[in-house]
Amino acid sequence: MTKENYTIREVAEILNISKQAVQQKLTKDFRKNYVTKKGNRLFISNAGLIMLRAQSTSNRQGLAENNKELVENRQAIDKYIEYESNGIDHRTVEFKTINDDSTTDKQSTSSSDNFLVDSEKEFLRDLVHKLQEEKSDLYKLLDQQQQLQLKTQNELEQLRNQQSIETSVEPSEVKKQPFWKRLFQKK
1439 MTKENYTIRE VAEILNISKQ AVQQKLTKDF RKNYVTKKGN RLFISNAGLI
1489 MLRAQSTSNR QGLAENNKEL VENRQAIDKY IEYESNGIDH RTVEFKTIND
1539 DSTTDKQSTS SSDNFLVDSE KEFLRDLVHK LQEEKSDLYK LLDQQQQLQL
1589 KTQNELEQLR NQQSIETSVE PSEVKKQPFW KRLFQKK
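What the sequence shown shows, in the numbering used here, is residues 1439 to 1625, in sequence order.
Take a look at the structure:
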């Protein structure tokens, strides 16, 4: 028995995509034709589910073939992060595993290994590029901080010099006027 209407969560589970991906596919025209709203819930009709399934399969046609390679790529990235956090040199470990795989099943794994290595190289290049940009930004900030601190120290030294000059004036040089003269002084 098939249902007439499906919630966004049910559609996401059926199509193996996230709820956000389903919501992105719900355009104004699609909502007008295939979606009903009951309370706060959106319900997608069977025809709408068929349309979404057709959209997702056409979008995923190329991705479905490379799904295994993508999983292997993600596993390799996770291994790299694990090796990096443990202080292990990942180049020797990855090289050994790639050589072991290529000796056992050379033809079938060579394309996936090449894809894996290429995608890992691209990921690492992006990571290195981002780290270099961050490093240069930090150097700029450090330079600005040092310049600001030097400027502050110079201004503080100038203020101290001015205060020492003002306090160095002898009180004997200043003539004190009598109280009554200061009080009734002509201005």
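Positions of the beta carbon are idealized from the N, C-alpha and C atoms, including for glycine.
Assigned exposure category for residue i - 16 Cβ within 10 Å defines buried
i, result
"TYR1577", "exposed"
"ILE1446", "buried"
"ILE1603", "exposed"
"VAL1449", "buried"
"SER1546", "Low confidence applies to SER1546: its pLDDT is 49, below 50, so where it sits in the model is not reliable enough to give any reading."
"LEU1490", "buried"
"GLY1647", "Missing from the structure shown is residue 1647; the chain here goes from 1439 to 1625 and no further."
CA-to-CA distance, residue j to residue i, given in whole angstroms
i, j, result
"LEU1554", "LYS1470", "43 Å"
"SER1456", "GLU1572", "32 Å"
"ALA1459", "GLN1584", "48 Å"
"ILE1488", "GLU1560", "37 Å"
"GLN1570", "LYS1589", "29 Å"
"LYS1619", "GLN1601", "30 Å"
"LEU1453", "GLN1582", "53 Å"
"GLN1462", "LYS1441", "23 Å"
"SER1483", "LYS1466", "15 Å"
"ARG1563", "SER1557", "10 Å"
"LYS1624", "PRO1616", "14 Å"
"TYR1444", "LEU1464", "13 Å"
"LEU1621", "ASN1599", "34 Å"
"ARG1479", "GLU1451", "16 Å"
Three-state secondary structure assigned by DSSP to residue i
i, result
"THR1590", "helix"
"THR1474", "strand"
"ILE1455", "coil"
"PHE1561", "helix"
"PHE1481", "strand"
"LYS1568", "helix"
"PHE1468", "helix"
"LYS1461", "In the sequence on display, residue 1461 carries Gln and not Lys. GLN1461: helix per DSSP, three-state reduction."
"GLN1615", "coil"
"THR1541", "Per-residue confidence for THR1541 stands at a pLDDT of 49, beneath the threshold of 50, marking its modelled position as unreliable; no derived number is given."
"LYS1517", "helix"
"GLN1583", "helix"
"GLN1623", "coil"
In DSSP terms, what residue i is bridged to
i, result
"TYR1577", "None; TYR1577 has no bridge partner."
"THR1445", "PHE1481"
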